[in-house]
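Everything below concerns the one structure shown next.
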Amino acid sequence: MQPPRKKCIVCGSRRYSLRYPFKPGSIWRCRTCGMMMLWPRPSEDQLRSLYDAHYYKNPSQSDDPNGELVGYMDYLRDKPLRQIDLRRVLRMVRTFLHVRSGAAPSLLEIGSGLGFLLEEARRHGYDVEGVEISRFACEYMRREYDFPVHLGDLAEVQPLRESYDVCFMLDLIEHLLSPRKTLARVSQLLRPGGLCVLGTMDCDSFVSRMLGKRMEDFRRIREHMFFFNRRTIRMFLEQFGLDVLFVRSFGLTFELGPLMDRLGLTFPGAFRRIRALIHPSSLLGKRLYVNPGVKILVIARRNRRV
C-alpha cells in the first residue's frame with residue numbers, strides 16, 4: 036500500500052502514516068500537522084457521477100460488503116429538521132456579520148445541495164445565490180425556487196456579484212478534490228470583512244477517535260477526500276487571508292426512528308434491536324437534538340491584507 040504522492044494541503048509535508056485502511060482508497064495522516072486525506076482518490080468524473088438522484092435517496096446507504104457508505108437515506112424527508120439546524124447556524128452567523136443598516140446581506144453558498152440553506156437564508160433577509168456540482172440537485176432547485184443557482188464547481192462558474200458578504204461551505208470541504216483552489220476563489224469573492232462559514236467533521240474529536248474506522252465520515256471513501264481537525268482547519272483558512280473567529284461543535288436534529296437507523300450504520304446489531312423495542316411506535320417520531328462533538332462550525336473573516 037503506497038502512501039500519498041502529493042504534498043499535504045495544509046503544511047506541504049510528504050510524510051504520511053496509514054491511519055485507516057480501506058479499498059480502493061485508504062485514509063492517511065500527515066505526520067507533521069495531523070491532516071488526514073484519502074489516497075488514492077477518485078477522478079473528477081467519478082466524483083461528479085456520484086451525486087445523482089440515488090445519492091439523495093439511498094435507504095441502505097451501502098451495498099458494499101466492506102461497509103462503504105454513500106449519500107443520504109432520504110435527504111428531502113429530513114428537510115424540516117435540517118432547517119431547524121440551519122436557522123440555528125444563521126443566528127450565530129448574524130452576530131458576526133456587519134452590513135449597512137437596511138441592506139440585504141449577499142450570500143453565496145458553494146455546494147448548495149437541494150437548496151435548504153438558501154431557502155432559509157432568504158427568509159432571514161439574505162440575497163442568496165448558489166453553486167452546485169450535481170446536475171440533479173441544480174435541476175431540482177431550478178424547479179422549486181427562483182433564486183440563481185450555477186451548475187459546476189466554483190472555478191468553472193461566474194457568480195453574479197464581484198463580492199459577497201458571506202460565503203457558506205457546509206459539509207463541502209471534505210468532498211473537494213482541490214480545496215486550495217476553492218478557498219482561494221472564496222477569498223477573492225468575499226468582500227474585506229466578509230465571512231466564510233464552514234462546517235465539516237472534526238477528525239480528532241473524542242467520538243471520531245473512539246469509533247475510528249467504524250466512523251460514518253471515514254467510511255465515505257467515494258465522497259470524502261480530506262479530514263480536518265480544529266487546528267488544521269484554522270491553519271488552512273489562515274493561508275487564504277481568513278481569520279478564524281469562531282470554532283464550535285454543533286449537532287443535528289433527528290426524529291428518533293431515523294436516528295436509530297443512522298446509528299445502525301455503525302452498530303447494526305445493537306440499534307436495530309433497540310429500535311424494535313421502542314413502544315409505542317409514535318415515539319419514533321419524537322425530535323431530538325444530538326451533538327456528539329463530531330461536527331464543527333467555523334466562522335472566519337476575510338482580512339484586508341489579501
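Letter by letter, the sequence shown follows residues 36 to 341 in the working numbering. Built from N, CA and C at the ideal position, the CB exists for glycine as well.
Measuring only the C-alpha atoms, how far is R178 from A172? Rounded to the nearest whole angstrom, the CA to CA distance from R178 to A172 is 10 Å.
Buried or exposed, going by whether 16 or more other CB atoms sit within 10 Å of the CB of M250? Result: buried.
Report, in whole angstroms, the separation of the C-beta atoms of V279 and V333, which I expect to be a contact under 8 Å. 6 Å
Reduced DSSP secondary structure (H/G/I, E/B, other) of P327: strand
Could you say if the region 235 to 245 and the region 180 to 188 meet the contact criterion of at least three C-beta pairs nearer than 8 Å? No, the region 235 to 245 is not in contact with the region 180 to 188.
Who are the near neighbours of H185 in its chain, counting only those whose CB is closer than 6 Å to its CB and skipping five residues on each side? So the qualifying residues of the chain are V166, V192.
In whole angstroms, what is the alpha-carbon distance linking L125 and D80? 33 Å
Going by DSSP, name the residue or residues bridged to T12. Residue numbering for the chain in the displayed model covers 36 to 341; residue 12 lies beyond these limits and cannot be assessed.
Give the single residue among E258, A156, P77 whose Cα lies nearest to the Cα of E144. A156
Using the Cα positions of R8 and L153, report the straight-line distance between them to the nearest angstrom. Since the first and last residues shown for the chain are 36 and 341, residue 8 lies out of range.
Determine whether the beta carbon atoms of R64 and M70 lie at a separation below 9 Å. yes
Relative to the alpha-carbon of F241, which residue among M108, W74, K330, Y324 has its alpha-carbon at the smallest distance? K330
Between which residues of its own chain and L53 is the CB-CB distance below 7 Å, once the five residues before and five after are set aside? M36, S61, W63
Neighbourhood of K92 by C-beta, 6 Å cutoff - its chain only, sequence neighbours within 5 removed: D109
To which residues of the same chain is G228 closer than 7 Å at the C-beta, ignoring the five residues directly before and after it? H133, R336, R337
Would you mind working out which of A219, L142, E290, D188 sits nearest R196, comparing C-alpha positions? L142
Determine whether the beta carbon atoms of L300 and V325 lie at a separation below 9 Å. Cβ atoms of L300 and V325: not closer than 9 Å.
Using a 10 Å radius around the Cβ and a threshold of 16 neighbouring Cβ atoms, would you call E273 buried or exposed? exposed
Since I believe F263 is in contact with L116 (beta carbons under 8 Å), could you give me their beta-carbon distance rounded to a whole number of angstroms? Not confirmed; about 25 Å, so no contact.
Rounded straight-line distance, which links the Cα of G328 to that of S95: Spanning the two alpha carbons is a distance of roughly 25 Å.
Can you look up P227 in the DSSP assignment and give me helix, strand or coil? In the structure shown, P227 sits in a strand (DSSP, three-state: E or B).
By how many angstroms is the C-alpha of M270 removed from the C-alpha of C231? 14 Å
Can you tell me which of the three DSSP states H185 falls into? Strand, per DSSP.
Just reading off the beta strand (DSSP E) that C202 is part of, what are its end residues? 199 to 205
Identify the continuous alpha helix (DSSP H) that holds E103 and give its terminal residues. Segment: none, E103 is in no alpha helix (DSSP H) and carries neither H nor E.
Would G160 be called buried (16 or more neighbouring beta carbons within 10 Å of its own) or exposed? exposed
If you run the structure through DSSP and keep just helix, strand and coil, what is Y86? In the structure shown, Y86 sits in coil (DSSP, three-state: anything other than H, G, I, E or B).
What does a CB cutoff of less than 7 Å around R122 pick up in its chain, not counting 5 residues either side in sequence? E155
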